[in-house]
Amino acid sequence: EQNLPNFIAKDGWPANSPGFNPIENNWSIIDEITYKDPPPTTIKELKRRLRFTWKKVSCDTLKALVRSMPWRVENVKK
Numbered sequence: 010e011q012n013l014p015n016f017i018a019k020d021g022w023p024a025n026s027p028g029f030n031p032i033e034n035n036w037s038i039i040d041e042i043t044y045k046d047p048p049p050t051t052i053k054e055l056k057r058r059l060r061f062t063w064k065k066v067s068c069d070t071l072k073a074l075v076r077s078m079p080w081r082v083e084n085v086k087k
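With this note's numbering, the residue at position 58 of the sequence shown is 67, and numbering never jumps.
Here's what the structure looks like:
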C-alpha cells in the first residue's frame, strides 16, 4: 500500500466482470453471425460457419475492442 497507493487488492475486484473483457464482445459478434437463421444443425456446418465468421470479423473491430480497455478499466474502478 505504501509503494502502490492505488493498487487494487484481489478482493477489491468484481467477482465476475465479463463486460470488462473485450473478448466477450468479440464472442457476442461471432455468436450473432454464426447462429443467424437458420442455425447450424451439424458439427460440420458449425465449424464451417465459425471459420467463415472469424474471417468476417474485421481488424478494425478487434482494434476498437482493444482501444476500449481504458474506458472499461475506468468503469470497473467506479
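Idealized CB from N, CA, C, for every residue including glycine. This one's a predicted model, so the numbers in the text were calculated from it and none came from an experiment.
Note down, in chain order, each residue of its chain lying with its Cβ closer than 7 Å to the Cβ of Lys-65, except the 5 sequence neighbours on either side. In the sequence shown, the residue the question calls residue 65 occupies position 56. For Lys-65, where only same-chain residues beyond five positions count, the Cβ hits under 7 Å are Ile-42.
Only counting the same chain, and skipping five residues up and downstream in sequence, which positions put a Cβ closer than 7 Å to that of Arg-58? Taking the first residue of the sequence shown as position 1, residue 58 is located at position 49. If we look at Arg-58 and ignore the five residues flanking it on each side, its Cβ neighbours are Thr-43, Pro-49.
Whole alpha helix (DSSP H) runs in the region 41-87 with 4 or more residues, listed along the chain? 52-65, 68-76, 78-86
Where does Ile-17 sit, in a helix, a strand or coil, going by DSSP? Here residue 17 is taken as the residue at index 8 of the sequence shown, counted from 1. Reduced to three states, the DSSP call for Ile-17 is coil.
Glu-33 by DSSP, collapsed to three states: which one? The residue given as residue 33 occupies position 24 in the sequence shown. Helix.
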